[in-house]
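The structure appears right after this line, and notes come after that.
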Amino acid sequence: MIKSILVPVRGDGMVATVLAHAAELAKQHQAQVNVVHCRAQAKDLMPQGIPLNDFARKVMMEQAIELANRQEDHLRGILRRLAREFGLQDEADADGSVICTFAEEQGRMADVVKHTGRLSDLIVLPKPQRERNLGQSSLKAALYGAGRPVLICPGQLQPDETFAQHVAVGWNGSLPAARAVASSLDIVGAAKQVSILTGGKVQSHGPSVDELVAYYAMRGITAEIVRFDGKDAATELLKSSKSIGASLLVIGAYSHSHETEMLFGGNTERIIDKTEMPILMAH
Numbered sequence: 004m005i006k007s008i009l010v011p012v013r014g015d016g017m018v019a020t021v022l023a024h025a026a027e028l029a030k031q032h033q034a035q036v037n038v039v040h041c042r043a044q045a046k047d048l049m050p051q052g053i054p055l056n057d058f059a060r061k062v063m064m065e066q067a068i069e070l071a072n073r074q075e076d077h078l079r080g081i082l083r084r085l086a087r088e089f090g091l092q093d094e095a096d097a098d099g100s101v102i103c104t105f106a107e108e109q110g111r112m113a114d115v116v117k118h119t120g121r122l123s124d125l126i127v128l129p130k131p132q133r134e135r136n137l138g139q140s141s142l143k144a145a146l147y148g149a150g151r152p153v154l155i156c157p158g159q160l161q162p163d164e165t166f167a168q169h170v171a172v173g174w175n176g177s178l179p180a181a182r183a184v185a186s187s188l189d190i191v192g193a194a195k196q197v198s199i200l201t202g203g204k205v206q207s208h209g210p211s212v213d214e215l216v217a218y219y220a221m222r223g224i225t226a227e228i229v230r231f232d233g234k235d236a237a238t239e240l241l242k243s244s245k246s247i248g249a250s251l252l253v254i255g256a257y258s259h260s261h262e263t264e265m266l267f268g269g270n271t272e273r274i275i276d277k278t279e280m281p282i283l284m285a286h
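Residue numbers 4 to 286, in the working numbering, belong to the letters of the sequence shown in order.
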């Protein structure tokens with residue numbers, strides 16, 4: 004049951020995207036959205052490698068704290084405005100409006116995600132930008148450190164009423180794929196259409212796609228099988244999802260270690276790099 008959705012944010016221009024996706028899911032599942040601003044510590048805003056006397060260091064530290072306070076106030080104002088636009092309320096109303104909370108935590112975003120994510124049902128993050136070295140550590144912290152399912156939101160994509168109404172599920176019988184299936188049962192169960200995408204190399208001793216269809220059927224979920232060909236499973240999953248009109252792709256993340264996939268370009272990394280649609284993943 005999805006009741007707590009974590010949205011860690013920072014000043015990277017992706018606040019509207021992640022909050023919009025979280026709000027849409029929250030309204031579908033009557034969940035609470037918890038927005039956490041990862042605030043940089045004042046010492047991290049100080050110039051590095053420049054010798055300073057005690058007075059200069061004190062003045063610059065005070066300025067850094069003042070700058071961080073202004074940034075926090077500015078971002079909080081933006082978040083409250085966006086929350087209202089997306090139908091989220093600060094306090095519960097008689098009509099059962101979805102709640103949105105705001106908090107601030109100091110430190111690295113990856114550390115904040117680990118701490119606050121472990122008691123969340125879902126963590127919503129922007130698509131990592133490897134060329135800018137942004138987001139990889141947060142994704143790793145969410146999957147490995149918090150151990151929670153993660154919704155990746157690409158670009159400036161804004162969800163509409165079709166979001167998560169047609170869910171595509173990538174299946175190869177692997178342990179990560181099975182965990183993704185288990186982690187997404189509420190979302191898949193609420194969808195109007197479910198498609199299981201399968202093809203390429205299937206894990207030995209792993210459950211077949213027909214067994215997954217039966218697993219869903221026991222829970223009242225009707226799923227159709229969509230088979231694809233091709234050696235590049237990442238490309239085929241995205242292509243197939245687009246061709247059938249799915250608005251959300253569910254996959255297992257990192258069958259190999261995160262570091263190995265980053266070095267050698269595994270399926271998860273290629274899917275994240277190429278995707279133009281939201282992806283729900285679990286490890």
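Each residue gets a CB set at the ideal place from its N, CA and C atoms; glycine is no exception. Keep in mind the model is a prediction, meaning the values are calculated, not measured.
Residue Val-10 holds the alpha-carbon nearest to the alpha-carbon of Val-36 among Arg-60, Asn-72, Val-10. Taking all protein chains shown into account, Glu-279 has fewer than 16 neighbouring C-beta atoms within 10 Å of its C-beta and is therefore exposed. Going by beta carbons, Val-253 and Val-153 fall outside the 8 Å limit.
It is roughly 13 Å from the alpha-carbon of Ser-100 to the alpha-carbon of Glu-88. Each residue's CA atom was taken as its position, placing Ala-217 and Gly-202 some 18 Å apart. If you compare the alpha carbons of Met-284, Gln-92, Gly-16 with that of Lys-30, the shortest gap goes to Gln-92. In this chain, the alpha helix (DSSP H) harbouring Glu-214 covers 212-220. Distance from the Cα of Gly-255 is smallest, within the candidate group Gln-74, Ser-140, Met-284, Gly-248, for Met-284. Exposed is the label assigned to Ala-220, since fewer than 16 other Cβ atoms lie within 10 Å of its Cβ. Going by DSSP, Ile-228 is part of the beta strand (DSSP E) stretching over 226-231.
Taking a cut-off of 8 Å for Cβ pairs, the segment 205-212 and the segment 232-244 do not touch, as fewer than three such pairs fall below it. Per the DSSP secondary-structure output, Ser-7 pairs in a beta bridge with Gln-35. Leaving aside the five residues that flank Asp-189 on each side, the residues in its chain whose CB is nearer than 7 Å to its CB run, in chain order, Met-4, Ile-5, His-32. Rounded to the nearest angstrom, the gap between the Cα atoms of Ala-71 and His-118 is 22 Å. Here Leu-142 carries a helix assignment [DSSP, helix/strand/coil]. When DSSP reads this structure, Ala-256 sits in no beta bridge, so it has no partner.
Excluding five sequence positions before and after Ala-180, the CB atoms of its chain that fall closer than 6 Å to its own CB belong to Trp-174, Gly-255, given in chain order.
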